[in-house]
Structures are given as C-alpha cells and as structure tokens.
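Quick note: the sequence shown uses numbering that gives the first Met the number 0, first residue 0, plus one each step.
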Amino acid sequence: MEVFAEKFDDIKILRFEVPGFENLPLKKKLYIYYLSQATLAGRDILWDQHCEPNLWLREILEAIYTKVNDKTNDDWDAFVVYLKKVWFSSGIHHHYSTDKYTPHFSRESFVSWCNTLGLATEHQRELLKVIFDENYLSKRVNSSPSVDMIQQSANNFYKGVSQSEVEEFYANQKANSSNKNLSLGLNSRLIKEDDTISEEVYSAQGKYANAISHIIDNLEKAKQYVENTKQEELISELIAHYQTGDLEKFDAYSIKWIQALDGDVDFINGFIETYGDPMGAKATWEGLVELIDDEETKKATVIAEKAEWFEANAPIDDSFKKGTINGISLKAIGAVMLGGDCYPASPLGINLPNAEWIREQYGSKSVTLTNIANAHHKASLSSGFLEEFTLTEEEVALEKKYGSLADNLHTHLHECVGHGSGKMKEGVTSEALKAYASPIEEARADLYGLYFMYHPYLIELGLIPNLDVAKAHFTSYIRNGLLTQITRIKLGSDVEQAHMRNRQLIAKWCFEKGLGEVIEEVKKEGKTYYFITDYDGLHDLFGELLHEIQRIKSEGDYESAKYLIETYGVKIDQNLHAEVLERFKQLEVPPFTGFLNPNMNLKYDGDKICDVLLDYNTNYAEQMLEYSENYGFLE
C-alpha cells in the first residue's frame, strides 16, 4: 500500500493500513463494519458545531467543484486548494490556528461559478461575506483572556449570548443540580432568544436528531455482532444516552466503556473533547473504531499494570497522588475508521473519560494508534525535515534508530500514566482553570511521559533496551517545542492550539530554567539549533515542572496556570519564526497531516453477506464527496 496520497497548501494526506483485518472472522468484521458506519454517520455534526454556515457553504463549494466546466485557470486551482482545506478542517477555519481561511481566488470568479449554478443574488452576497470578509467569523476559537471569548469565537456552541451570561447560566445550573458530577453543557448549544437563554440538547429528539438517529441505527446493527455481553451493554447505554441526551446516561456509558476490556474491537463515539470551546465545556463530536495490535499491547499492558508504581514514584506532592489506582488500562490499537473530530487529522493516542470523578473512582482507558504513528514515521524518513533542524549527525542517527519506539513509548506513558494519574483537592474541578485547563492537562500528561521514559526501571521492565531511547525523544521533543512546531503557524501569530501551547511551555520553561546550560542554543551558518548538553539535568527539570503543574491542576490555581501558559506557551520570537519558516519552505514538506479512511464494502453471495472487504485505493476528493453524498444527514 502506498502511504502518501497527496499534498496541498500546508497539508499532506496519507493512508493507513489495518493489519490483520482480512483474517478476522465474518462476525467480527461485521461488528467493525456497523461501528464504522456509526462513526461516519456523525460527520455533519462536527461541521455544524465548528461554524453555523459550514454545511450550506460545503454544499455550494462541492456543487461548484463537480458542475463547473472551465477548470483551466489559476483561480480554479486556488479554489480547489481552498475546498480541500475546508474539507480537511470540517469548515472554513484552520484546524490548528482556528483562523478563517483566506481565499486566493477572485470574487469575480466565484460569482461567475455561482451564476453557473443559478444561485440567487441574495444567497451569493451571504456566501461572499462568509468567504471573503476577513472580519466576519474570523476566528473559530478565541481564547484570549482580554476579550469576550464567546462573542469573539465563530463556533456554533453559543448563539446570542455573552461570556458572562454563559458563566452565570452554568453556575446557576450547577448550584441547582442534584448531581454535582455532571459535565454540564457538554452536549448542547446555548442560545438566547427574546431575552430567554436555553439549551438545545443534542439527541435523537433534539438538535442533530437526523444524524444521531443514523448513529443509533448502526449501533443497533452492531449489537448483533458483539464479541461479548459487556460490549452489548456498552452500546445499549450509549444508545440510551443518544435517545435523550441525558448526561447521567453518558456517564454510565463512560464507566461501562472503561470496564469493557475484553475483545479485539473497541470504539469511541460521542460528544467528548472540549478543545473547540474557549470555555472548555462543550464537546465536539468524534468517532473512532479500533482493532487491537497484540504485539504493542503487550508492552502497553506492562505500563498499565505498573500504574501504582508510577504514581508512587511521581515527583509530585503526596497529597495529589491517588495511592490506590483503579481500572487503569492501556491498549495499542490500529485505527480502522476515523470520524468527526478524529478525521482526517487523527490523534496518536486517547485517554478517556474526561470526567475527573469517573477517573478517580473507576479509572480510565488509554489507547495508542500504532498504525497511525507508523504511517507518520514512514512519511517522515525521506523528507529531509529531521536533517534540516538537527545539529549533529549523532542526533539524526539516534532518531532514526529509536524514534518510532520512543514516540510509541511516550504516547503510552502520556495516555495511561499521565492522564490516568493524580487527583484534585476536594471541591476542585477542571473548570477552575477555564481556557487554560486543556493545555495544562496536556502538559501534565506529556511531563509524566518525559520524566518516566528516562527511568532505568523501564529497562528492567523490558520496554526499552537503554536510555538512548529517551535521549532520542528528549531531543525531538525540545526541537519540536522550540523550533519545528512553529512551522504550522503563520508569521506574526501566537500559539493557539492547546497541545502546541503545552509543548512550547515545557520546552521554553526548561530552556530558561536551565540557563542555557541544559539546553544550548547554537547558531551555525545563519541557522538556529537547540542541543541538549545535560540529559540528567533536563530530566530533573521535567520533574520540577511536573510538580508545579500537578499542583496547579489539583488546586485549580487559575492565576498560576495563566502565568505559565501566557509566559511560555503563547508568544513566538518573530526573528526565529521567520528563520524557521524560510528553512521549512525550502523543504516543501507540509507541516500538517491527515488520513484517508480505507473504503469498507460488503460482499454478497446472493442476498447473504459473505465478507467485508477493505479497499485502500481512493483519493482525497473522492472520499470527501462520497461522504457528503452518503452521510450528509444534516443538509
């Protein structure tokens, strides 16, 4: 299978393989098939959540793409790139910066294409405003503390309300709720009409009813082919939640999901991550179907089984340690189908549930997506990217020898040990950190992984052959945090995305606290490099920062979270940024990566299904158009 599919603008599209699928029994293949259909059925939900005009704009853009005949000029080429970017981000805003895309085709050409479709003038005016007015819906997520984050964000979680009204609404809800554990507002839109504020709950009876009903239909079909009764109970609980949007049922589903450990197939489906809401409360929809990677899971299981050792030896205050750890599990899996906020840009690992009270009482489940990571690694080996930003040949050799092993190990530790560890002070919730909750939590998880992967105990456990594995990752992590990740950001912009803020925070803090003696800045032939001179010292700094970040989360210390993120995680040195972008430009390597799903087709013998076949021979535009046609349940 050819991993590389295509590239455009700042994006490359890859394929991932699903090893072993063809050898599965038919029942298991059908279980995966219907879970995959449920994963694709929620596609339009994310589009609408990202920004209200997205769905009807996509319909027009795709109609232009398929129906306009004159496709030979520069404006048309620019339009195709624009459409592909909109597909990639599930809307008109960049998936990382969340800035609205700038079109590089003319208004005149766009009007002529609209006239070809016979669109009314009034409709065209609204389209032109959405696409060309840089001040209209300019940023999907604005998390600046100096603005009204609700009114200055273009997402569709809120309509007609201000930040203060949102805060007051949910404070009152929490005060009046008999269940203080609920993640209030997780699966709803908050709107204000005629001075009345209310919630539109996502359910089969409420907002997004048609898409959710299709999700439910496919989950019901999947239930016929489950591997065990726990999977059947899990799906039933999720369906019950989707029917009404009841958050208590979602918590019940989350608990059953943690406990469903047997079987080769697992899945995620629901309103889960809150990165897209500047208030960190409302969740975007996502779906993922997974098939176990037996070999990598053996390594991952070792980490999960030693969770209490990691917790006991963590460099954090004892009062923030769990002591007894319940229900921690970690599996290495291969992605089979990506959907919603996992498509086409895929995570490398997932740790759920996010509800802190469930994590403390019942534990958590972590998965790492090994086939996604492997596709990334294969694509990177011949790009020249590593050589351009690495100072010495020894560092390059170390990365090529241990990079893949180190990345998988850090992901395992991040998801299981990082997200699965620590506890809050009584009465403190993650909401206390507001917009800084996500980058603080991601920094906490990264630091757990960085700190422990350098520990000799991992050699004893058979997870690494030597500490050179950790050194390879330390080098790549610092290089990424200080240099290479800013290739994804436009010159003059700040770091906005939570994971990027986390990585820059860690790298810049360690560089500053090490006084240039742990991490050295080197200028060579007009190029900037960062070189680790003291791995032991860097390991100690990781532990010191982890101690503070765990305290911040456990105590809900908003001011300290704000200080760390704003001081180290947001601003970029503009001279360095310009240099890095110029060096990166010469490589012609897109900084962002997305994936094509394999096509999944039923094979029939007469009227009877006899097999499920995977086909990797699709291209990006074909898949996007097919998904719009077959899963456009909200248009």
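Each residue gets a CB set at the ideal place from its N, CA and C atoms; glycine is no exception.
Task: Closest residue to residue 447 among 548, 372, 555, 519 (Cα-Cα distance) - done: Of the listed residues, the one whose Cα sits closest to residue 447 is 548.
- [ ] Could you tell me which of 495, 601, 596 sits nearest to residue 142, measuring between CA atoms?
- [x] It is 495.
TODO: Check residue 389 in the structure and name its three-state DSSP category.
DONE: Residue state, collapsed to three classes: coil.
Open item on the list: Output needed for residue 490: all residues of its chain with C-beta closer than 8 Å, excluding positions within five of it in sequence on either side, in chain order.
Closed with: The residues 573, 576, 577, 580, in chain order, have a CB closer than 8 Å to that of residue 490 in the same chain once the five nearest residues on each side in sequence are set aside.
TODO: Please determine if the stretch 435-451 and the stretch 496-509 are in contact, where contact requires at least 3 C-beta pairs separated by less than 8 Å.
DONE: Under the Cβ criterion (8 Å, minimum of three pairs), the stretch 435-451 counts as touching the stretch 496-509.
Open item on the list: Taking only three categories from DSSP, how would you classify residue 87?
Closed with: In this structure, residue 87 counts as helix in the three-state DSSP scheme.
- [ ] Could you tell me if residue 638 is buried or exposed, where buried requires 16 or more neighbouring beta carbons within 10 angstroms of its beta carbon?
- [x] Since the first residue of the chain shown is 0 and the last is 634, residue 638 is not available in this structure.
Open item on the list: Per DSSP, what are the beta-bridge partners of residue 266 in this structure?
Closed with: Answer is 288, bridged to residue 266.
Task: Endpoints, the beta strand (DSSP E) within which residue 248 is located - done: Not the beta strand (DSSP E): residue 248 falls in the alpha helix (DSSP H), residues 246-258.
TODO: Identify every run of the alpha helix (DSSP H) within the stretch 428-461, keeping only runs that are complete inside it and at least 4 residues long; order them along the chain.
DONE: The qualifying runs are 436-451, 456-459.
Task: Euclidean distance between Cα positions of residue 63 and residue 623 - done: When rounded, the distance between both Cα atoms is 14 Å.
- [ ] Go ahead and pull the three-state DSSP assignment for residue 499.
- [x] Correct three-state label for residue 499: helix.
Task: Per DSSP, the bridge partner or partners of residue 613 - done: BP columns for residue 613 point to 599.
Open item on the list: What does the Cβ neighbour count give for residue 627, buried or exposed, with the cut at 16 atoms within 10 Å?
Closed with: Buried: at least 16 other Cβ atoms inside 10 Å.
Open item on the list: Using only the alpha-carbon positions, how far apart do residue 680 and residue 148 sit?
Closed with: Residue 680 cannot be examined here, being either before or after the span of the chain that is shown, 0 to 634.
- [ ] Can you tell me which of 53, 316, 301 puts its alpha carbon nearest to the alpha carbon of residue 458?
- [x] Nearest of 53, 316, 301 to residue 458, Cα basis: 301.
- [ ] Give the straight-line distance between the Cα atoms of residue 59 and residue 531, rounded to the nearest whole angstrom.
- [x] So the two alpha carbons sit approximately 51 Å from each other.
Task: Span separating the alpha-carbon of residue 99 from that of residue 42 - done: Taking the straight line joining both Cα atoms gives about 20 Å.
Task: Nearest-angstrom Cβ-Cβ length linking residue 269 and residue 290, presumed shorter than 8 Å - done: With a Cβ gap of about 20 Å, residue 269 and residue 290 do not count as contacting.
Open item on the list: Could you give the first and the last residue of the continuous alpha helix (DSSP H) run that contains residue 130?
Closed with: Per DSSP, the unbroken alpha helix (DSSP H) holding residue 130 starts and ends at 120-131.
TODO: Would you mind reading off the limits of the beta strand (DSSP E) that contains residue 336?
DONE: If you look at residue 336, you'll find it in the beta strand (DSSP E) that goes 328-339.
Task: Continuous alpha helix (DSSP H) stretch holding residue 33: start and end - done: Residue 33 -> alpha helix (DSSP H) spans 25-40.
Open item on the list: Taking 8 Å as the cut-off, does the stretch 586-602 touch the stretch 324-341 (at least 3 CB pairs, one atom from each stretch)?
Closed with: Pairwise C-beta distances place the stretch 324-341 in contact with the stretch 586-602, as three or more of them are shorter than 8 Å.
TODO: For residue 278, count neighbouring C-beta atoms within 10 Å of its own C-beta (all shown protein chains included) and say buried if the count is 16 or more, exposed if not.
DONE: Looking at its Cβ environment, which holds 16 or more other Cβ atoms inside 10 Å, residue 278 is buried.
Task: Three-state secondary structure (DSSP) of residue 106 - done: Of the three classes helix, strand and coil, the one that applies to residue 106 here is helix, per DSSP.
Open item on the list: Quick check on residue 163: does DSSP put it in helix, strand or coil?
Closed with: It is helical.
- [ ] Check each candidate in 364, 382, 497, 312 and name the one with the smallest Cα separation from residue 303.
- [x] The option with the nearest alpha carbon to residue 303 is 364.
TODO: Indicate whether at least one CB of chain B lies closer than 7 Å to the CB of residue 590.
DONE: Of the protein chains in this structure there is only one, and it is not chain B.
Open item on the list: Please report the distance separating the alpha-carbon of residue 464 from that of residue 313.
Closed with: Distance between the alpha carbons of residue 464 and residue 313 is about 22 Å.
Open item on the list: Please state the DSSP three-state secondary structure of residue 374.
Closed with: In the three-state DSSP reduction, residue 374 falls in the helix class (H, G or I).
- [ ] Keeping to the same chain, check which residues put their C-beta closer than 8 Å to that of residue 450; ignore five residues upstream and five downstream.
- [x] Exclusion of the five residues before and after residue 450 leaves 313, 314, 538, 541, 542, 545 as the residues of its chain whose Cβ lies within less than 8 Å of its Cβ.
- [ ] Just grab the DSSP bridge partners of residue 594 for me.
- [x] For residue 594, DSSP records a beta bridge to 13.
Open item on the list: Any contact between the stretch 350-363 and the stretch 239-253? By contact I mean 3 or more CB pairs, one from each, below 8 Å.
Closed with: With contact defined as three or more Cβ pairs closer than 8 Å, the stretch 350-363 and the stretch 239-253 are in contact.
- [ ] If I'm right that residue 152 touches residue 140 with Cβ under 8 Å, what's the distance once you round it to whole angstroms?
- [x] Residue 152 to residue 140, Cβ: 5 Å. Contact.
Task: Minimum C-alpha distance to residue 67 - residue among 110, 55, 96 - done: Residue nearest to residue 67 within the set 110, 55, 96 is 110 (criterion: CA-CA distance).
Open item on the list: I'd like to confirm the pairing. Which residues does DSSP put opposite residue 201 in its beta bridges?
Closed with: Here residue 201 is bridged, per DSSP, to 206.
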